[in-house]
Each structure stands twice: as C-alpha cells, then as structure tokens.
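>
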Amino acid sequence: MPTNSARSIKSSYTSLHAVIQQLDQLHLLTDACKKALTEHTFELTVSQGQYLMKRGDYCTHIYFIIEGFFSGWATGNGRSITSFIAIQGDFLSAIEGMYGITECTEDVKAEEDSVLLALPVEHLIRYFDIYPEMNIVMRKVLENYYKMAHQRSVFFRIGTASDKYLYLLSTYGDYASRIPLHVIASFINVKLNTLQKIIKQYEGKSAHVQLSKGDIVTYMEQERPFLQKKLSINELSLKLKITPHLLSYLLNVYFKQNFNHFVNTYRIQYVLNQFLIKNSIKQYSLDGLGSESGFSSRSSFFSEFKKYTGVTPLLYLKMNCAS
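For the sequence shown, the tail end lands on 323 under UniProt numbering, and the numbers increase by one without skipping.
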C-alpha cells in the first residue's frame with residue numbers, strides 16, 4: 001500500500017454499499033459478513049502516477065476500485081509491458097502473491113486520481129473460515145478473471161491490430177478515451193504509431209458515416225431487434241447496413257457501452273415497460289417475460305435485471321407494481 005496515500009478510518013456508506021451489492025450478485029452475503037466488512041474495510045485514495053504496489057512488495061490488502069483506474073506493468077528482459085487494466089467496479093490485487101505470502105511480480109500504478117475500498121488480507125483469510133459464502137464469492141471472482149484473461153490472451157494472439165483496439169473499446173467503454181495511448185499500445189501489443197493510425201481511421205469513419213445516434217435509437221425502438229434471442233453484433237450490423245467493427249465503435253462513442261450491455265439495456269427497459277402496462281404481479285410468469293424480452297436463460301435475465309435496477313425482478317414487482 002502506498003505510504004503517502006490518504007486512508008480514512010471507515011469506508012463511506014456509498015463505497016461500501018457498492019461493494020456489497022456487487023458481492024451479493026455473486027452470492028448473497030449474511031448480515032454477519034456484511035457487518036464484518038463494514039468494520040474491517042477502509043477507503044484509500046491514490047493520486048495519478050502513484051504506485052499502489054511495486055514489484056517485490058507484499059500485497060497485504062485486496063482492493064475494490066470505487067473511482068479511477070489502474071494499470072499493471074510486468075518487467076523482463078529490459079522492457080516493460082502493460083499486463084492488465086483495472087477500472088471502476090473491478091477487484092484488484094497482486095496477480096501473484098494475492099494473500100501477501102509471496103512477493104508481487106508486477107507494478108500497479110494509478111492512471112488517474114483513484115479511490116479504493118481496501119480489506120486487509122488477514123481478515124479475508126479469516127472470513128473463509130467464519131463466513132462460508134466468502135469462499136463462493138472469491139471463487140466466482142477468480143473464475144471471472146481467469147475467463148477474461150484467457151479470452152484476452154487468445155484474442156490478442158489471433159486478432160488484427162484493429163480487432164485488438166475494438167476489443168479494448170468494447171471492454172472498457174468510456175475509459176478507453178481516458179487511458180493514455182502508450183498504455184493502450186502496450187496492453188494490446190501494437191506500436192504507438194500503429195495505434196494512432198487505427199484511431200484516426202475509426203474517427204474518420206465515424207465522421208463520415210451516415211448513421212447517427214438518433215438513427216440507432218429509432219431503429220431499436222421501432223424495430224425492437226433486441227427481442228430476438230442471441231442477437232449477434234453481426235446480425236444487428238447487417239440490419240443497420242454497416243460493418244460489425246464500425247457498429248462496435250459507434251456504440252462506444254455514442255452510448256459508452258459494448259454490444260451486450262447496449263442490447264440488454266433495451267431488454268430490461270422492455271421488461272420494466274411491461275410491468276407498468278399490466279401493473280399486476282399475478283399476470284406475470286417472470287421466466288416467460290424474460291424469454292419474451294430476448295434473454296435466452298432465466299439466470300442471464302435475473303443477473304442483468306439486478307445490475308440495472310439493483311434488485312431481483314420479483315422484489316422489483318413487489319416494491320413497485322403490487323396490486
């Protein structure tokens with residue numbers, strides 16, 4: 001942990017609530033576990049350019065990013081590369097030495113002024129024995145990051161330079177415009193001048209494309225392609241008469257969203273509109289409504305609904321649409 005960072009005695013309610021809400025989406029926490037998190041976590045501010053941890057340090061905390069973003073740097077054979085980028089909403093720890101037992105192998109630096117919620121590793125380890133749900137939560141956190149790392153590794157090896165840049169746009173949304181170009185170039189493993197040419201190319205396409213933000217919104221509202229299960233970016237781009245690459249770029253520029261987030265936002269809004277139209281719990285089969293709105297499974301519907309509203313569909317109905 002940086003020595004000159006600002007540490008508060010307690011985490012703020014807003015920060016802690018954001019973390020607990022995200023953990024609850026992975027697996028519901030008991031009240032006792034939530035109370036322990038309230039007692040043991042604290043806020044940490046890290047200034048732009050400051051290192052959260054450095055190679056050779058011991059990682060004594062696990063972090064949740066409330067504001068800002070960080071880059072990880074691996075060094076070897078006389079050069080450094082960006083190994084990861086962690087943004088608001090991500091968990092952050094040492095890739096190796098996560099529990100403070102071995103030394104960190106990478107440097108982790110704040111790319112802009114950032115706020116973190118920190119939990120000492122000693123408490124996390126104790127939680128595994130006292131609160132069984134934390135084992136499930138951390139297992140799912142690690143599973144998600146392992147999956148993302150694997151997908152990124154494969155994609156970066158077989159994709160073109162343009163593909164890699166579009167991957168970054170779809171993954172990091174509005175953060176893509178805030179990440180320094182040299183960090184992006186290092187992360188997607190392209191030369192800086194190549195990256196600058198790619199960005200200029202897509203900015204030029206955006207300037208000349210005859211498809212405005214309003215055009216996309218109008219099409220989505222009138223034609224409602226999101227009701228189609230497993231709608232792909234290739235299918236939607238074909239309907240809009242543009243390339244998948246350009247659609248991905250425009251969704252990021254216009255809406256600050258990747259394709260899946262963009263489509264699921266319309267699906268959830270459709271569900272909410274149906275709730276208002278019928279205004280009765282008894283008229284609903286939630287599974288049927290999720291399927292009608294375009295979700296291909298109950299789990300994906302419930303997960304996306306909770307991300308959008310903060311509660312489950314059933315609880316939302318009871319709170320807002322009870323007759």
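Just so it is clear, CB atoms sit at the ideal spot from N, CA and C, and this is done for glycine as well.
Looking at the unbroken alpha helix (DSSP H) that takes in glycine 290, where does it start and where does it end?
Here the alpha helix (DSSP H) through glycine 290 covers 286-292.
> Would you decide whether valine 121 is buried or exposed? Buried here means 16 or more other CB atoms lie within 10 Å of its CB.
Valine 121 comes out buried.
> Exposed or buried, which one is leucine 276 when buried takes at least 16 other CB atoms within 10 Å?
So leucine 276 counts as exposed.
> In angstroms with no decimal places, state the Cα-to-Cα distance between leucine 289 and isoleucine 125.
Near 41 Å, if we compare the C-alpha coordinates of isoleucine 125 and leucine 289.
> What's the call for proline 313, buried or exposed, on a 16-neighbour Cβ count within 10 Å?
Classification of proline 313: buried, given that the 10 Å Cβ count is 16 or more.
> Taking proline 120 as part of the alpha helix (DSSP H), name the residues at either end of that continuous run.
Where proline 120 is concerned, there is no enclosing alpha helix (DSSP H), although the beta strand (DSSP E) it sits in stretches over 114-120.
> In chain order, what residues of the same chain lie with their CB nearer than 8 Å to the CB of leucine 16, ignoring the 5 residues before and after it?
So the qualifying residues of the chain are Leu37, Thr38, Thr41 and Leu117.
> Any contact of the stretch 49-57 with the stretch 155-166, i.e. 3+ C-beta pairs under 8 Å?
Judged by Cβ distances under 8 Å, the stretch 49-57 makes no contact with the stretch 155-166, as fewer than three pairs qualify.
> Note down the Cα distance separating asparagine 252 from asparagine 273, rounded to an integer number of angstroms.
Approximately 25 Å, taken between the alpha carbons.
> Taking DSSP as the reference, what is the three-state secondary structure of isoleucine 81?
Correct three-state label for isoleucine 81: strand.
> Excluding sequence positions up to five away, which residues of its chain have a Cβ less than 6 Å from the Cβ of phenylalanine 91?
Cβ neighbours of phenylalanine 91 beyond the five flanking positions: Phe64 and Val141.
> Measure the C-alpha to C-alpha separation of threonine 105 and tyrosine 270 and round it to an integer number of angstroms.
For threonine 105 and tyrosine 270, the distance between alpha carbons rounds to 47 Å.
> Measuring alpha carbon to alpha carbon, tell me which of His182, Gln196 and Ile158 ends up nearest serine 71.
Nearest option by C-alpha distance: His182.
> Please go through the same chain and pick out, in chain order, the residues whose beta-carbon is closer than 6 Å to the beta-carbon of isoleucine 20, but skip the five residues on each side of it.
Lys34, listed in sequence order.
> In the DSSP assignment, what residue or residues form a beta bridge with serine 71?
Paired residues: Ile85 and Lys109.
> Under the three-state reduction of DSSP, which class applies to methionine 98: helix, strand or coil?
Of the three classes helix, strand and coil, the one that applies to methionine 98 here is coil, per DSSP.
> Around the C-beta of serine 323, are 16 or more other C-beta atoms found within 10 angstroms, so that it is buried, or is it exposed?
Legend: pLDDT at serine 323 = 48, less than 50; position of this residue unreliable, no value from coordinates given.
> Phenylalanine 84: which of Ser237, Gly76, Thr45 and Phe69 sits nearest, CA to CA?
When only C-alpha atoms are compared, the closest one is Phe69.
> Among Gln22, Leu169, Asp107 and Asp129, which residue has its Cα nearest to the Cα of phenylalanine 259?
Ranking Gln22, Leu169, Asp107 and Asp129 by Cα distance to phenylalanine 259 puts Leu169 first.
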